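Reviewing the structure listed below.
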Amino acid sequence: MKMTQLAAALCGVIAAAATGAAQAQSNVSLYGILDGGLAYVSNVGGSKNFTTADGLQSGNRWGLKGSEELGGGTSAIFTLENGFNLTNGALGQGSREFGRQAFVGLSNKSFGSVTIGRQYDSVVDFVSGLTSAKQFATKLGAHVGDVDNLYNSFRINNSIKYTSANYGGFSFGGLYGFSNQPSSSTPGNGFANNRAWSVGASYANGPVKFGIGYLEVGTPNGSNTGGAVSGDYSGDFYSARIGTTTVGVDKQRVFATGGSYKFGPANVGFVYSNTQLRYVGGTGARVSNYELNGTYNLTPSLLLGLSYTYTDASTRSATLADLSPKYHQVNAAVDYLLSKRTDVYLVGIYQKAAGDATAASINGAGGASSTKTQAAVISGLRHKF
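Next comes the structure, spelled out in structure tokens:
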């Protein structure tokens, strides 16, 4: 989204705040999710692995969310959200205090909201919820390496974000993440060094849902550690080998779209994503994911989920030295609600590498398999407050 558009949206929200006077009412709420369980992986570097695991279905978190009415339908809002490892108490997201989200802004019932801080991009906002990983398959059910960030492996720092109001089921938004670096004539430095921008939209009405989003990140996780993306940017495709030197990503582009339709107790959906990676030095990779997913409520408390994802990639001098790696992945799950806020789940994931792919590598499984197949079975308990 262009800076002029973001500025216009901000002016609209500020103007709305000045149109009416009302007695201010404020509220602050504490919320969170605790999610822990056990995970079995058939092959990690040639060995079986059985471990405790945290944040499988939902990342562990606690947060503070607040608002203050300013009049004219406008409110000041903020969110501070901490992520942590339930099994050892360590901070998540690169040991940040509020690594999941941290922002403040203004919200208006007619114009939408403008916020500033560490936030999710538009691909996450408008498409992520349509994936099986977000619905039932856990982080291990995400696309290979979460290279499309649909499981929000990284957030955008230094960002200003506009999210529209809901207009009959339609909403849209955009984000710009600053590099926070002054302009420079030195190649690789300056205003464009580690910045990001994103736009997206969604529609939800009755049984129909649809989302679309685009994300572009320049020089993430590079020399500018204070830029838009740093500290939590890693994955199977996020580095390349040129000769004996390993280099990072110079630019990442992600396009994603998806939709779903609900009829009775059943819901079917699809997700497509295309990620283009240009590495430092000019080599590159393309990764396309095609996902079909479905859920069925046997009872209001018992959910069944099933999905299939085909990953088609082409790489040049990538870390795994693959020319045309491909992956097939099946996710299956059972989720049972013990109450409105507590559920238990059992999930199975099977991945098979094909084409030039040398090994299967389930996202978040602890490492790649020594063969072209890998399976994981995970179970857990999740409590929301």
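All letters in the sequence shown, in the order written, are residues -24 to -1, 1 to 361 by mature numbering (1 follows the signal peptide of the UniProt record, and there is no 0).
For each residue, glycine too, the CB sits at the ideal point set by N, CA and C.
Fair warning: this is a prediction, and the values are worked out from it, not measured in the lab.
Work out the CA separation of S34 and Y286 for me, nearest whole Å.
24 angstroms
Among the residues of its own chain, which have a CB less than 7 angstroms from the CB of R317, if the five just before and after it don't count?
H359, K360, F361
With a threshold of 16 other CB atoms inside 10 Å of the CB of G57, please say whether the residue is buried or exposed.
Before going on, a small fix: residue 57 reads as Glu here, not Gly. It counts as buried.
Taking DSSP as the reference, what is the three-state secondary structure of Q111?
helix
Of the residues S249, V323, L6, which one's Cα is nearest the Cα of S102?
The sequence shown places Phe at residue 102, rather than the Ser named in the question. When each option's Cα is compared against that of F102, the closest is S249.
Determine the direct distance from the alpha carbon of L282 to that of A352, and round the result to whole angstroms.
15 angstroms
V120 (DSSP reduced to helix, strand or coil)
helix
Proximity of A341 and V123 at Cβ, strictly below 8 angstroms
no
Whole runs of the beta strand (DSSP E) within the stretch 169 to 245, excluding any shorter than 3 residues:
171 to 181, 184 to 194, 216 to 218, 221 to 223, 225 to 239
Nearest-angstrom Cα distance between T206 and D288?
In the sequence under discussion, the amino acid at residue 206 is Ser, which differs from the Thr named in the question. If I take the Cα positions, the gap works out to 27 angstroms.
Do S159 and N170 come within 8 angstroms of each other at the CB atom, strictly closer than that value?
no
Quick one: which unbroken beta strand (DSSP E) runs of 3-plus residues sit fully inside the stretch 3 to 51? Chain order, please.
23 to 30, 37 to 47
Going by beta-carbon coordinates alone, are S43 and N84 separated by less than 8 angstroms?
no
In chain order, what are the residue ranges of uninterrupted alpha helix (DSSP H) at least 4 long that sit wholly in the stretch 55 to 114?
98 to 102
Using only the alpha-carbon positions, how far apart do S5 and G49 sit?
20 angstroms
Any contact between the stretch 141 to 155 and the stretch 174 to 189? By contact I mean 3 or more CB pairs, one from each, below 8 angstroms.
yes
How should F79 be labelled, buried or exposed, when 16 other C-beta atoms within 10 angstroms of its C-beta is the threshold for buried?
buried
CB of F130 within 8 angstroms of CB of Y209, strictly:
yes
Where P301 falls: helix, strand or coil (DSSP):
strand
Straight-line CA distance for A52 to E45?
7 angstroms
My assumption, with CB atoms under 8 angstroms, is that L313 sits in contact with F112. Please give the rounded CB distance.
Not confirmed; about 12 angstroms, so no contact.
Member of G182, R262, G187 whose CA lies at the smallest distance from the CA of V247:
G187
Taking S86 as the reference, give the member of Q77, G105, G75, G47 with the closest Cα.
G47
What does a CB cutoff of less than 6 angstroms around F54 pick up in its chain, not counting 5 residues either side in sequence?
G42, V80
Run through DSSP, which three-state label would T349 get?
strand
Give the secondary structure of Q157 by DSSP, where H, G and I count as helix, E and B as strand, and everything else as coil.
coil
How big is the Cα-Cα spacing for V20 and L10?
26 angstroms
If you measure from the beta carbon of Y179 to each beta carbon in chain C, is any gap under 8 angstroms?
Any reference to chain C falls outside this structure, which holds one protein chain only.
Pair within 8 angstroms by beta-carbon distance, G245 and N269
yes
Is V99 near L82, with beta carbons less than 8 angstroms apart?
no
DSSP beta-bridge partners for L151?
K137, S174
Considering just the uninterrupted stretch of the beta strand (DSSP E) at A261, what are its terminal residues?
260 to 275
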